[in-house]
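Remarks on the structure that follows.
Numbering (the numbering used here), first residue to last: 492 to 605.
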């Protein structure tokens, strides 16, 4: 999954569609962009609370990468540690990434017998 996710995030970054880091994502949400938010599995409470109001208002959908910590997520983006990334909801890349993360979560739950 990491290779597929890395590839999709790389395409989004090269296309200028990927926003990385709390300040950048928050600025895009304030501009009114609707985003798919991807949080690392070890994101902080502050990052979660920052986006919660936007989520409740329907400005974003939130996916948590339970098996990817901030270091791994940053490595996928060829940056330092990253807790939060976002990309516009209205494009095919966000749909593919959301589907990939949902499938991975379902697989994890099956493996754990949940």
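We put the beta carbon where it would ideally sit given N, CA and C, even for glycine.
Helix, strand or coil at residue 556 [DSSP, three-state]:
Note: residue 556 maps to strand in three-state DSSP.
Item checked: Environment of residue 503 [buried if 16+ CB atoms lie within 10 Å] -> Looking at its Cβ environment, which holds 16 or more other Cβ atoms inside 10 Å, residue 503 is buried.
*Cα-Cα separation, residue 583 to residue 590*: The alpha-carbon atoms of residue 583 and residue 590 are separated by roughly 11 angstroms.
Environment of residue 593 [buried if 16+ CB atoms lie within 10 Å] = The residue in question, residue 593, is exposed, as its Cβ has fewer than 16 Cβ neighbours within 10 Å.
* Asked: From this set, 509, 597 and 547, which residue's C-alpha is nearest residue 585's C-alpha?
  -> Answer by Cα proximity: 509.
Fill in: Inter-residue spacing [alpha-carbon to alpha-carbon] between residue 542 and residue 517
Taking the CA atoms as reference points, residue 542 sits about 8 angstroms from residue 517.
Self-check item: Whole-angstrom distance between residue 565 and residue 573, CA atom to CA atom
Solution: Roughly 5 angstroms between the two C-alpha positions.
Sorted by chain position, which residues of the same chain lie with C-beta nearer than 7 angstroms to residue 532's C-beta, five sequence neighbours on each side aside? Once the five neighbours on either side are set aside, the close Cβ partners of residue 532 are 555, 556, 557, 558, 559 and 560.
Practice problem: Report back the beta-carbon spacing between residue 568 and residue 520 to the nearest angstrom; my notes put them in contact at under 8 angstroms. | Solution: Their Cβ separation, rounded to whole angstroms, is 19 angstroms, which puts residue 568 and residue 520 out of contact at 8 angstroms.
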